[in-house]
Structures are given as structure tokens and as C-alpha cells.
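As C-alpha cells, the structure follows; a few thoughts come after it.
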Amino acid sequence: MRDTFSLIFAVLILALGACSIIAYRSHKTNSFSVALLTASFIPPVIGNLIIIRSTEKTLSLIGDYIYYMGMDLVMFALLKFTYDYCNIRSRIKKARYFADGLLILDIAQYLVNPFTGHAFDNEAIMVEGTPYYRLVPYLGQTFHRVVDYSILLLVIVLFIVKAKRTSRFYSERYYVIVISIIVAAVWQTFYIFSRTPIDRSMVSFGVLALLIFYFALYHRPMKLLDRMLAGIASEMSEALFFFEENGRCIWANEAGTALAGIEENDFESVPSQLFERFGDAYKSQEEYISSYVFGTGDDIKYYMMEKHSLRDEKKRLAGSFLSIRDNTEEQQKLKRKMFNATHDSLTGLYTREYLYERIHEVLAARLNTEYFVVYIDVRNFKMINDIFSNEFGDHALLTISDWIKSWMSDNCIFGRLVGASFGVCIPVSEFDPVRLEEALSPFVMDNGSINYHILIHLGVYKVVELNMEVSLMFDRANLALSTIKDEYQTHIAYYNDEIRKKVLWDQHISAQLHTAIAERQLRPYLQPIVDKNGQIVGAEALARWIHPDDGFLSPGSFIPVFEKNGMIVEVDKYMWRCACEILTRWKEKGSDLFISVNISPKDFYFVNVVEEIKKLTAEYGISPAQLRIEITETVMMSEAELRMKTLNEFRELGYVVEMDDFGSGYSSLNMLKDMPVDVLKIDMKFLSKSKDDGKAQTILQNIINLSDDLGIDSLTEGVETENQFNMLNDMGCKLFQGYYFAKPMSVEEFEEKYI
Ligand code: C2E
Ligand code: CA
Ligand code: CA
């Protein structure tokens with residue numbers, strides 16, 4: 001008997017020790033108080049082991065002390081554990097301090113017991129033929145029992161209260177412990193009163209410690225887990241359906257019952273309901289993901305259906321579950337995002353990129369429809385924005401986009417290209433130029449207070465190559481716009497091969513300009529200028545290009561190209577230099593004829609014209625009076641004051657400034673008095689435009705008289721007949737230029753004749 005219990009106690013000690021170490025190292029919640037509790041059971045068990053092993057009084061007494069003081073330690077640890085495990089805070093903390101105080105007192109009274117003998121003693125009885133020292137309790141021992149039982153009672157009460165208060169998923173872990181404590185306590189009590197020699201209740205204490213160890217650290221409430229999962233599943237926004245392997249529905253969450261439209265728990269009817277809504281798909285045994293769309297417009301609904309099968313370890317189908325998610329909101333957000341990315345924020349039309357994409361798609365798909373690509377440009381939009389306000393400008397763009405929408409059918413694609421230009425792809429059969437011209441002349445925009453004529457031009461390109469980049473099609477449609485001459489009369493222009501050739505030509509000659517200058521393919525021709533007596537007084541230098549492949553090119557074929565791309569400044573600088581070279585030569589030969597050179601309005605943007613010309617004449621040692629400067633009235637169009645200053649600078653330096661092509665454009669006689677010029681060049685061709693000869697003569701006479709009054713010499717160019725010459729002479733014109741006297745000629749020819 002003693003041996004058996006010795007063995008059991010020894011095993012218990014080892015087990016408790018191991019559990020204590022494991023608990024200490026586990027770093028779980030409450031692991032320290034569990035470690036302390038399991039360890040605290042070791043001294044009483046050791047005490048008991050000593051007691052049952054000893055056959056001699058002193059050793060047995062030592063066992064007794066270890067046992068009882070050990071039990072105080074157990075009570076201390078049990079109380080600490082209870083507070084931690086049951087998560088007790090606040091007021092009842094005081095009870096614990098009081099209990100701890102009593103335990104210390106108890107230990108103290110044991111420590112004095114060897115001297116006072118008030119607590120206990122022991123007496124030998126014979127067990128299995130050897131002496132066994134049994135406890136003889138006195139008053140002190142009663143105190144010990146009262147303290148320990150009170151604490152035990154407190155612990156039991158705390159556990160029961162906790163178990164009652166907590167959710168029933170957790171109460172199990174409290175009940176198991178509290179029942180073990182009660183069993184151990186009852187067993188202990190039984191031992192105390194039965195006075196059987198060996199304290200078997202130690203075993204139950206050991207088991208209690210191990211139970212606590214397990215429940216506190218390793219027990220996971222599976223029911224709770226189940227319930228939690230079920231809770232999560234039932235509250236999920238997705239509709240969930242669980243099926244047995246034969247297809248019978250065994251559970252659906254709240255969203256599921258709502259979607260299937262079934263009564264709560266009427267899971268049996270789920271399959272038929274789902275069939276009604278989604279067809280057979282959900283029945284498939286395979287796993288799949290698919291999406292469904294129901295309804296249209298505002299009632300549209302999007303669903304995402306996902307089926308998963310569950311298989312056991314042997315891969316046999318155990319059941320399946322289906323999740324159906326209503327992702328209507330997501331889809332609509334996505335659509336909105338798509339819309340914003342593909343639509344212009346102001347007009348709501350397609351953005352350029354998206355327009356190109358859509359046109360590309362349509363052209364790729366419909367092979368037997370012919371299409372126009374139309375570039376719609378608001379010519380005077382900048383002015384609208386400048387003169388009025390940006391709000392009015394926005395309003396204008398909205399008006400235009402509404403107008404575009406109004407003449408578009410479903411077969412058309414349209415969008416905003418950039419700024420005030422729009423793009424359209426329209427079947428040729430739907431394009432009605434007559435109606436459009438009517439609408440555009442004039443296109444008036446009215447916001448209630450402002451009424452303004454918007455100048456809209458359409459450049460039209462007919463799609464021939466379907467694979468061509470859409471941006472290129474619009475480039476071509478845009479190019480067509482450049483052919484519109486009378487912008488208030490014509491509003492629609494078609495791209496044609498000539499335009500293409502013209503573009504190619506422009507590129508062709510632009511690429512060759514530098515070579516042309518270096519190799520002197522470009523050269524000045526000279527046209528004489530005569531006085532009243534027909535005596536030559538000077539010449540105008542006019543550019544000619546003797547092209548190695550294309551032959552003789554007149555300025556009309558290249559000057560406008562270079563004026564447009566700014567290369568004109570290269571031509572002019574070269575021509576000025578040539579004029580200076582020629583004048584140096586003439587000076588040597590004793591001739592004092594002047595040369596007039598042309599200055600393009602664009603030159604002023606690129607160089608300081610006065611400085612350039614000053615440098616040149618200085619370099620060649622030419623008197624400024626020999627080089628005349630021809631400017632056109634269009635230079636006054638922008639930065640008029642600055643230009644006036646420039647012209648005055650020229651005149652102050654001694655150059656003669658001529659106003660070329662007077663009457664061709666914007667200037668008026670009124671402006672003439674403010675113009676710092678020396679000579680007025682009047683072109684006959686502007687006058688001959690007017691059919692009424694008498695009227696033309698009157699105008700001419702007036703111009704000549706006025707310039708006379710202002711001290712400006714008048715020069716008429718384009719004089720072709722003797723009659724004209726005589727008439728102009730009579731009118732008082734001072735200088736003349738024209739085919740009647742001579743056409744422009746090469747420098748060699750000119751020098752041969754006149755120098
Ligand atoms: P422009 O400066 O008004 O030059 C006069 C133009 O009238 C010249 O044409 C000349 O050949 C032409 N012409 C002269 N007399 C008559 C006539 O009796 N009847 C007719 N029908 N025409 C006559 P061209 O040489 O073809 O030059 C055309 C235009 O090209 C010039 O007009 C000028 O604006 C520009 N241009 C020519 N050379 C240069 C240059 O070196 N630099 C710049 N910037 N422009 C130039
Ligand atoms: Ca000229
Ligand atoms: Ca002229």
C-alpha cells in the first residue's frame with residue numbers, strides 16, 4: 001500500500017513539475033499563474049511522500065510541515081489563479097489580500113509550532129507491520145483548516161459565480177474546474193475525518209492541478225468555435241447554401257434565405273427556388289465561378305456565384321456549398337469609374353483616347369459601311385474665352401456639344417478632341433452637308449444676355465484605309481480645314497489628295513531649304529522700279545528657287561509654306577545678304593540704284609530685324625538709303641506699338657520704309673497718318689478686284705492725295721499697261737513697278753541692262 005502510493009506520488013511530482021515548466025514556457029494567457037499553481041502542488045505531495053515513507057517521528061514531522069505549509073502555498077496559488085482565470089477585478093480584490101494575510105499568519109504559527117506545540121503533533125500507529133506517524137491536531141491545526149477551507153470555499157464561490165455569469169460556451173471550462181475542486185475538497189475532508197493513515201486525497205489534488213493545467217491552457221471550446229463560425233456565416237452579406245452530396249440543402253444563412261425567398265429553415269425548397277432564378281448552373285457538381293446579370297437600367301442586378309465541393313480524406317464528395325454575392329454596387333462603381341475615365345467632364349462626351357478606341361472598334365467591325373471622320377473646330381473660341389469669360393466659354397462648348405449630339409444617330413461616334421475641337425465618325429449616308437452649312441451660317445450662341453456668332457468649321461476625311469490610325473484620320477480631317485479661304489462663307493472642307501500632296505510638298509521643300517540656300521538654288525530676281533519719266537531708280541528683290549528636280553519655283557509655291565512654319569526668316573536673312581552683295585557690286589560700278597527687300601511679319605518673332613539689317617549694311621559698307629525695307633500692314637496686327645517703334649528706328653537710321661500691299665487687308669486710310677513709313681506701295685490687283693473702274697480710280701486718287709498730304713511717296717505696283725501708267729502719273733503717283741516696265745529678272749540680266 002505504502003509503495004503503491006509512493007509510486008503514485010512520485011509520478012505526480014514529476015507530472016506536476018513537467019506541467020509547471022511547460023506552462024511557464026508557454027507564454028499563453030495566465031500561463032504564469034497556472035505554472036505557479038501546478039508547482040505549488042508539488043510541496044504537499046512531497047510532504048505526503050515523506051510521511052508515508054518515514055518510519056521515524058522527526059522525519060515524519062518534517063513531512064507534516066512541508067505538507068501543511070505547502071497547502072498554504074497551494075491556497076495562495078489557487079486564489080491567484082482563480083482571480084486571473086476568472087478575470088476578477090475591483091472590489092473583491094480586498095478579499096484576496098485578506099486571505100493572503102491569513103495564509104502568512106498560518107505559516108507563521110506553523111513555524112513556531114516546534115517550540116509551542118500548539119498546532120499539531122504526531123503519533124505512531126502500525127500500518128502493514130511498520131510504524132506510520134499519524135497527525136494529532138490541536139488548536140493551530142484547526143485554524144489552518146478554517147483558513148484553507150474558507151479560501152477553498154471562496155474559490156468555489158468565485159468559480160460558480162463566474163460560470164453562471166459567462167456565456168454558456170465558456171461555462172464548461174469553469175464548471176469542470178469547480179467540480180474537480182469540490183471533489184478534491186470532499187475527498188480531503190473525508191480523509192481528515194476518517195483518519196485513515198494515508199492521505200489519498202493528494203491524488204485528487206494532483207488531478208485537479210492537471211485538469212487546471214489542461215483547461216486553462218489547452219482547452220478550446222469547440223462548440224463556441226462552431227457557433228462563432230456559424231455566426232460569421234449567417235451574418236455574411238453573401239448568400240450561403242450548404243448541400244449534402246445528394247443536393248439536398250441543409251442550411252442557408254440569412255442572406256441565403258432572403259435571396260432564395262424561403263421561410264426560415266425551409267431549406268428543402270432552396271434548390272427549386274434557386275433553379276427558378278439561376279437555372280441549372282447551381283446544381284453542377286463541379287466547382288465553378290460565374291457571374292449573372294438580371295434586369296436592365298436602374299433595376300439591373302449583378303451576381304457572382306461560386307460553388308465549392310467538400311470532400312473527405314478519401315476524396316469522396318461529402319457535400320458542397322454555394323455562395324452567391326450580389327455585386328451590383330461594385331459593378332456600378334466600376335462602371336462609373338469607367339465612365340469618368342472615358343468621358344469628358346465638361347461635356348460628357350467621350351474623351352479623345354476613348355473616341356479613338358471606339359472608332360477603331362467600329363471600323364474594325366463593320367466593313368460595308370462607308371464613314372467620314374469629321375474634325376469640328378471652333379475657330380474663334382479663344383476670342384470667346386478672352387472677350388467674355390471662361391463660364392461663357394464653357395457654356396459655348398456645352399451648346400456646341402448639344403448641337404453635335406442633336407445631329408448624331410446611333411450609328412455615329414463622337415467625342416471631344418481637345419479644347420474647342422470635337423471629333424465625329426459618321427456613316428457617309430448620314431452626313432448632310434447642306435443642312436450643316438445652314439446650321440453653321442451663322443451658328444449663334446445665346447445665353448440670355450450675350451448673343452454671339454460662333455465660327456464652326458468642319459474638316460471631313462473619308463475613311464478609306466480601315467487600318468489607319470484614327471489619330472491620323474483626324475489629322476487629315478484637320479488639314480482639310482486649312483483649305484477654307486473664306487471662313488465666313490464656307491464651313492465644311494473635305495480632305496482630298498491635293499491636300500495630302502500639298503502636305504508632302506511642304507515637307508519636301510522644308511527639308512531642302514538649307515541646301516537650297518547653301519547651293520544658291522534660292523536666289524534673288526530683280527524687278528525694276530521707275531519714276532514719273534520711266535527712268536529706273538531701283539529694284540525689288542524677289543526670291544526664286546531654281547530647283548534641281550522641280551525646276552523654276554516662284555515664291556507663291558514656297559514663301560507661304562515657310563511663313564507658316566517660321567523658316568521664312570532663313571529665306572529673308574539670305575535675301576537681305578544677297579541684296580547687300582549686289583549693292584556693293586553696283587557701288588563699285590558707280591550706280592546708285594536702291595534695292596527693296598521684303599520683310600515677313602514672322603521675321604519679327606524670330607530675330608531683331610533692325611539689328612540684323614544694321615549689321616549687314618555695316619558689314620558690306622552700304623548706305624542705309626540704298627536698302628529699302630518692305631513691310632506689310634499685317635505686321636501692325638500684333639504689338640502695334642512695338643512695331644511702330646521698330647519702323648521709327650529704321651527711319652532714324654536712314655533706311656527707307658515702304659508699306660507693301662497697302663489696301664489688301666486691315667489697314668485703312670485713317671491708320672495711314674500714324675504709320676511711320678516713307679513710301680506707300682499700292683497694288684493694282686487690289687484695285688482691279690472692284691468691278692467698278694470709276695470707283696477704283698476714286699479710291700486710288702484719294703490714297704495718292706492723302707499720302708501726298710502726309711509727305712509719303714506713293715508707288716503703284718502691278719502696272720501692266722501704258723494707260724495705267726499715264727493715268728497714275730496724272731494722279732500724282734511718284735513711283736511705278738510692273739510688267740509694263742519689266743518683269744522680275746535674274747541679277748545678271750538686270751545688271752546687263754541697267755548697270
Ligand atoms: P510682292 O512683294 O507684292 O511682290 C510683287 C509681286 O508682284 C511679285 O510676285 C512680282 O513678280 C509681281 N508683279 C510685278 N509686276 C507685276 C505685274 O505687272 N503684274 C502682275 N500680275 N504681277 C506683277 P512674286 O515675285 O511671285 O512674289 C510674290 C510674293 O512673294 C511677293 O509679293 C512677296 O510677298 C513674296 N516674296 C517674294 N520674295 C520674297 C522674299 O524674299 N521674302 C519674303 N518675305 N517674301 C517674298
Ligand atoms: Ca514686296
Ligand atoms: Ca506688293
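All the letters of the sequence shown, read from the start, carry residue numbers 1 to 755 under my numbering.
We put the beta carbon where it would ideally sit given N, CA and C, even for glycine.
**Prompt:** What residue range is occupied by the uninterrupted beta strand (DSSP E) comprising P524?
**Reply:** L522 to V530
**Quiz: which residues have CB nearer than 6 Å to ligand 3 non-hydrogen atoms** = D660, D661, K681, D683 and E717
**Message:** Based on DSSP bridge pairs, tell me the residues matched to Y133.
**Reply:** A124
**Request:** Can you say whether T257 is buried or exposed, counting buried as having 16 or more other CB atoms within 10 angstroms of its CB?
**Result:** buried
**Request:** Please report the Cβ distance between L526 and M745, rounded to the nearest whole angstrom; I am assuming they are in contact, meaning their Cβ atoms lie under 8 Å.
**Result:** 6 Å
**Length of the line joining the Cα atoms of N467 and A364** = 8 Å
**Asked** What residue from E570, I529, V719 and F422 has the CA that sits closest to L513's CA?
**Response** E570
**Prompt:** Just the Cα atoms here: how many angstroms apart are I536 and E438?
**Reply:** 54 Å
**Request:** List the DSSP bridge partners of A239.
**Result:** I324
**Request:** Measure the Cβ-Cβ separation of F757 and S401 and say whether it is below 9 Å.
**Result:** Outside the modelled stretch of the chain, which goes from 1 to 755, sits residue 757, for which no answer is possible.
**Message:** Within a Cβ cutoff of 7 Å, which residues of the same chain sit near S234, ignoring the five residues on either side of it in sequence?
**Reply:** N253 and E254
**Asked** With distances taken from CA atoms, which of I107, G419 and G732 is nearest D531?
**Response** G732
**Request:** Could you tell me if the beta carbon of D417 falls within a distance shorter than 8 Å of some heavy atom in ligand 2?
**Result:** Looking at the sequence shown, residue 417 is not Asp but Leu. No - ligand 2 has no heavy atom lying nearer than 8 Å to the Cβ of L417.
**Spatial distance of H457 from K485 (CA atoms)** = 11 Å
**Request:** Grab the span of the beta strand (DSSP E) containing C249 for me, first residue to last.
**Result:** C249 to A252
**Asked** By how many angstroms is the C-alpha of D266 removed from the C-alpha of R248?
**Response** 11 Å
**Reduced DSSP secondary structure (H/G/I, E/B, other) of A318** = strand
**Message:** Quick check on I509: does DSSP put it in helix, strand or coil?
**Reply:** helix
**Asked** So is the beta-carbon of N478 under 8 Å away from any non-hydrogen atom of ligand 2?
**Response** no
**Message:** Assuming S40 and A77 are in contact, meaning their beta carbons sit under 8 Å apart, how far apart are those beta carbons, in whole angstroms?
**Reply:** 4 Å
**Request:** Could you please give the first and the last residue of the uninterrupted beta strand (DSSP E) stretch that includes F431?
**Result:** F431 -> no beta strand (DSSP E), and no H or E assigned at all.
**Asked** For the 8 Å Cβ check, are there 3 or more pairs between the segment 499 to 519 and the segment 561 to 570?
**Response** yes
**Message:** Considering just the uninterrupted stretch of the alpha helix (DSSP H) at V146, what are its terminal residues?
**Reply:** L139 to R165
**Completely contained alpha helix (DSSP H) runs for the segment 430 to 469, where each covers 4 or more residues** = 433 to 440
**Prompt:** What residues are listed by DSSP as bridge partners for S290?
**Reply:** M305
**Opening and closing residue of the beta strand (DSSP E) in which H547 lies** = I536 to H547
**Request:** State the start and end residues of the unbroken beta strand (DSSP E) segment that holds S714.
**Result:** D713 to E717
**Prompt:** Who are the near neighbours of P442 in its chain, counting only those whose CB is closer than 6 Å to its CB and skipping five residues on each side?
**Reply:** H453
**Prompt:** Buried or exposed: where does P44 fall if 16 or more other Cβ atoms within 10 Å of its Cβ makes it buried?
**Reply:** buried
**Prompt:** Count the other CB atoms within 10 Å of the CB of N533; is the residue buried (16 or more) or exposed (fewer)?
**Reply:** exposed
**Message:** Does the contact criterion of 3 or more C-beta pairs under 8 Å hold for the segment 212 to 221 versus the segment 18 to 37?
**Reply:** yes
**Item:** Where the alpha helix (DSSP H) through F278 begins and ends
**Value:** V270 to F278
**Request:** Have a look at M236 and E306 and give me their C-alpha separation to the nearest angstrom.
**Result:** 15 Å
**Message:** Give me the DSSP bridge partner(s) of G551.
**Reply:** H547
**Message:** What residue range does the alpha helix (DSSP H) around C733 cover?
**Reply:** Segment: none, C733 is in no alpha helix (DSSP H) and carries neither H nor E.
**Prompt:** Assuming L715 and L680 make a contact with CB atoms under 8 Å, what is their CB distance in whole Å?
**Reply:** 7 Å
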